[in-house]
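Structure record follows, encoded as structure tokens.
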Amino acid sequence: KRKIAVLTSGGDAPGLNACINAVVRTAIYYNYSVLGVRDGYEGLITGRVMKLDLTDVNDIIHLGGTILKTSRSEQFKIKEGRFLAYEQLKQKDIDHLIVIGGDGSLKGTSIFSKEYNDISIIGIPKTIDNDISGTDYSIGYDTALNTAVSAVDKLRDTAESHNRIFIVEVMGRDAGYIAYGTGLATGAEGILIPETHMDHVYLLDNLRRNWHEKRSSLILIVAEGDETGGARRVAEEITNYLGNKEIRISILGHIQRGGSPTAFDRILATQLGNMAVTFLNKGAKNVMVGFQRQEIITIPLKDVGRRSMSLNEKALKLLEIMTS
Ligand code: ATP
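Residue 144 in UniProt numbering sits at position 140 of the sequence shown, with consecutive numbering throughout.
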């Protein structure tokens with residue numbers, strides 16, 4: 005029987021198990037046997053694989069995390085490490101590999117595919133940050149966004165009760181997707197994301213005006229990362245500017261990575277996992293499957309990279325009006 009190996013790599017994201025489920029079911033449907041690689045590239049290098057059957061994926065679609073575990077691997081970044089991974093695949097007679105990972109993992113896969121052309125590889129995009137090019141959505145983003153929204157709703161209750169300003173820092177590295185979405189969905193009075201390179205003075209004036217007019221709670225959503233300075237730096241600026249002592253900081257952190265995936269993420273993960281195997285079965289190799297305009301498409305792995313959010317004029321206007 006032909007074999008497909010599947011692994012999850014990089015930071016975890018909700019929806020990985022739904023994707024593994026789809027890969028396994030589709031592969032078995034097309035008469036492949038499936039091997040799950042433990043701990044991402046680390047497990048590939050050391051040959052930690054296990055056979056996956058339907059019974060292994062029953063009832064995992066709703067679970068956060070990844071049954072295969074994940075890791076970051078320094079060794080896979082060097083040629084010798086990748087050679088060991090190749091040797092393991094050859095030894096085990098595997099020539100199809102599916103990597104569910106972020107842009108770093110997919111970059112690694114692209115390098116690996118150039119070095120060893122006899123392995124067919126398909127990448128599947130996952131990251132709560134949604135910053136992988138070539139796909140409108142990546143697995144995990146929708147759940148992380150919903151987690152952040154429900155957390156901010158709760159913070160609004162306490163902010164409102166005490167007339168406080170809350171600065172809420174959400175994940176997103178250098179991309180503002182989670183911050184922008186959370187801000188819009190919670191009616192935040194301010195949204196600070198890397199892509200707008202927003203003038204802090206404008207933001208502070210806006211907050212001051214809001215504060216004077218409402219004299220109630222204010223919520224400011226800040227994306228983590230250098231560009232915005234993060235919640236602590238913004239809090240200092242606001243304190244200096246407004247002289248207000250009732251500022252609280254909430255850094256949502258890793259809760260955004262966990263939890264049961266939303267219906268959207270489960271369906272996206274299922275479609276991507278299914279099409280990864282379907283394309284592989286049709287002879288595709290060295291591509292990433294992506295979701296663009298309601299279609300599952302493929303793009304060459306070598307073209308996959310990081311993207312930042314593109315905010316057109318309409319999106320910026322919306323931001324301005326909703327926070328004013
Ligand atoms: P996320 O950013 O969502 O956590 P990611 O896949 O981008 O996911 P990274 O830590 O960037 O996470 O990459 C995961 C692993 O992919 C790395 O630990 C490394 O093993 C491999 N990798 C990343 N970049 C490269 C590269 N340029 N060459 C080879 N391997 C790489």
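The C-beta atom is built at its ideal place from N, Cα and C for all residues, glycine as well.
- Sorted by chain position, which residues of the same chain lie with C-beta nearer than 6 Å to alanine 163's C-beta, five sequence neighbours on each side aside? On the sequence shown, residue 163 is found 159 positions in, with the first residue counted as 1. Same-chain partners within the cutoff: Phe170, Ser221.
- Query: What residues does the ligand ATP have around it, judged by CB closer than 6 Å to any heavy atom, in chain order?
  - Reply: Every residue passing the under-6 Å Cβ criterion appears here: Ser13, Gly14, Gly15, Tyr45, Arg76, Ser77, Phe80, Lys81, Gly105, Gly106, Asp107, Gly108, Ser109, Lys111, Gly112, Ile115, Thr131.
- Message: Among Ala179, Arg213, Ile259, Ala22, whose alpha-carbon lies nearest the alpha-carbon of valine 226?
- Response: As a working note, residue 226 is residue 222 in the sequence shown. It is Ala179.
- Task: From the DSSP output, read off the bridge partner residues of threonine 295.
- Result: Within the sequence shown, numbered from 1, the residue matching residue 295 stands at position 291. Contrary to the premise, residue 295 reads as phenylalanine rather than threonine in this sequence. Answer by DSSP bridge pairing, in chain order: Ile300.
- For serine 220, three-class secondary structure by DSSP: Residue numbering aside, residue 220 sits at position 216 when the sequence shown is read from its first letter. Reduced to three states, the DSSP call for serine 220 is coil.
- Message: Could you tell me the alpha carbon to alpha carbon distance between arginine 213 and tyrosine 206, rounded to whole angstroms?
- Response: Your numbering for residue 213 matches position 209 in the sequence shown. Your numbering for residue 206 matches position 202 in the sequence shown. Answer to the nearest angstrom: the Cα atoms are 11 Å apart.
- Among residues of its own chain, excluding the 5 on either side of arginine 310, which ones have a beta-carbon nearer than 6 Å to its beta-carbon? Working through the sequence shown from its first residue, we reach residue 310 at position 306. If we look at arginine 310 and ignore the five residues flanking it on each side, its Cβ neighbours are Asp107, Asp135.
- Message: According to DSSP, simplified to helix, strand and coil, what is histidine 100?
- Response: The count along the sequence shown starts at 1 and reaches residue 100 at position 96. Here DSSP, grouped into helix, strand and coil, assigns histidine 100 to strand.
- Message: On the CB-based measure, 16 or more other CB atoms within 10 Å of its CB, does serine 328 come out buried or exposed?
- Response: Against the sequence shown, residue 328 aligns to sequence position 324. By the neighbour-count definition (other C-beta atoms within 10 Å, threshold 16), serine 328 is an exposed residue.
- Query: First and last residue of the alpha helix (DSSP H) that includes methionine 326?
  - Reply: Numbered from its first residue, the sequence shown carries residue 326 at position 322. Its alpha helix (DSSP H) spans residues 317-327.
- Message: Relative to the C-alpha of glutamine 260, which candidate in Ala152, Ile300, Tyr33 has its C-alpha closest?
- Response: On the sequence shown, position 256 is the one that residue 260 refers to. The shortest C-alpha separation from glutamine 260 is found at Ala152.
- Task: Could you say which of Asp63, Thr274, Glu317 lies nearest to aspartate 144 if we only look at CA atoms?
- Result: Position 140 of the sequence shown, counted from the first residue, corresponds to residue 144. The sequence as given places glycine at residue 144; aspartate does not occur at that position. Among Asp63, Thr274, Glu317, the Cα nearest to that of glycine 144 belongs to Thr274.
- For alanine 152 and chain B, any beta-carbon pair shorter than 8 Å? Among the protein chains of the structure shown there is no chain B, as only one such chain exists.
- Alpha-carbon spacing of alanine 26 relative to leucine 20, whole angstroms: As a first step, residue 26 must be located in the sequence shown, where it is residue number 22. As a first step, residue 20 must be located in the sequence shown, where it is residue number 16. If I take the Cα positions, the gap works out to 10 Å.
- Tell me, to the nearest whole angstrom, how far the beta carbon of aspartate 133 is from that of methionine 175; I am working on the premise that it is less than 8 Å. Your numbering for residue 133 matches position 129 in the sequence shown. Your numbering for residue 175 matches position 171 in the sequence shown. Separation of the CB atoms of aspartate 133 and methionine 175 is rounded to 7 Å, and the pair is thereby assigned contact status at 8 Å.
- Task: Pull up the CB-CB distance for methionine 279 and isoleucine 303, whole angstroms please, since I reckon it's below 8 Å.
- Result: Taking the first residue of the sequence shown as position 1, residue 279 is located at position 275. Taking the first residue of the sequence shown as position 1, residue 303 is located at position 299. Rounded, the Cβ-Cβ distance is 13 Å, inconsistent with contact.
- Task: Could you give the DSSP three-state label for glycine 105: helix, strand or coil?
- Result: As a working mapping, residue 105 is identified with position 101 in the sequence shown. Three-state result, glycine 105: strand.
- Item | Assumed close pair serine 142, proline 129 - CB separation to whole angstroms, cut-off 8 Å | One-based indexing of the sequence shown puts residue 142 at position 138. One-based indexing of the sequence shown puts residue 129 at position 125. Rounded to whole angstroms, the Cβ separation of serine 142 and proline 129 is 4 Å, and the two are in contact under 8 Å.
- By DSSP, does residue 2 sit in helix, in strand, or in coil? No answer is possible for residue 2: the residues shown for the chain start at 5 and end at 328.
- Task: Reducing DSSP to helix, strand and coil, say where arginine 270 ends up.
- Result: On the sequence shown, position 266 is the one that residue 270 refers to. In the structure shown, arginine 270 sits in a helix (DSSP, three-state: H, G or I).
- Spatial distance of leucine 305 from arginine 297 (CA atoms): Indexing the sequence shown from 1 puts residue 305 at position 301. Indexing the sequence shown from 1 puts residue 297 at position 293. Approximately 19 Å, taken between the alpha carbons.
- Item | Enclosing beta strand (DSSP E) for serine 13 [first to last residue] | Position 9 of the sequence shown, counted from the start, is the residue given in the question as residue 13. Where serine 13 is concerned, the enclosing beta strand (DSSP E) stretches over 7-13.
- Cα-Cα separation between glycine 85 and glutamine 79, rounded to whole angstroms: Mapped onto the sequence shown, residue 85 falls at position 81. Mapped onto the sequence shown, residue 79 falls at position 75. For glycine 85 and glutamine 79, the distance between alpha carbons rounds to 5 Å.
- Tell me, to the nearest whole angstrom, how far the beta carbon of alanine 267 is from that of threonine 131; I am working on the premise that it is less than 8 Å. To locate residue 267, count along the sequence shown from 1; it is residue 263. To locate residue 131, count along the sequence shown from 1; it is residue 127. A Cβ-Cβ distance of about 19 Å is found for the pair alanine 267 and threonine 131, leaving them out of contact under the 8 Å criterion.
- Check each candidate in Gly287, Lys218, Glu199 and name the one with the smallest Cα separation from glycine 229. To locate residue 229, count along the sequence shown from 1; it is residue 225. A check of alpha carbon separations from glycine 229 across Gly287, Lys218, Glu199 identifies Glu199 as the nearest.
- Message: Going by beta-carbon coordinates alone, are isoleucine 195 and leucine 323 separated by less than 8 Å?
- Response: The residue given as residue 195 occupies position 191 in the sequence shown. The residue given as residue 323 occupies position 319 in the sequence shown. Yes, Cβ-Cβ distance for isoleucine 195 and leucine 323 is below 8 Å.
- Task: Identify the continuous beta strand (DSSP E) that holds leucine 56 and give its terminal residues.
- Result: On the sequence shown, residue 56 is found 52 positions in, with the first residue counted as 1. Run containing leucine 56: 53-56, per the beta strand (DSSP E) assignment.
- Hey, out of Glu217, Ser254, Leu11, Glu250, whose CA is closest to isoleucine 125's CA? Working through the sequence shown from its first residue, we reach residue 125 at position 121. Ranking Glu217, Ser254, Leu11, Glu250 by Cα distance to isoleucine 125 puts Leu11 first.
- Query: Counting only runs that start and end within the segment 38-80, where is the beta strand (DSSP E) found for 3 or more residues in a row?
  - Reply: Runs of the beta strand (DSSP E) inside the segment 38-80: 53-56.
- Leaving aside the five residues before and after isoleucine 251 along the sequence, list all residues of the same chain whose C-beta is less than 8 Å from its C-beta, in chain order. Walking along the sequence shown from the start, residue 251 turns up at place 247. If we look at isoleucine 251 and ignore the five residues flanking it on each side, its Cβ neighbours are Arg168, Ile169, Phe170, Ile171, Ala239, Ile242, Thr243.
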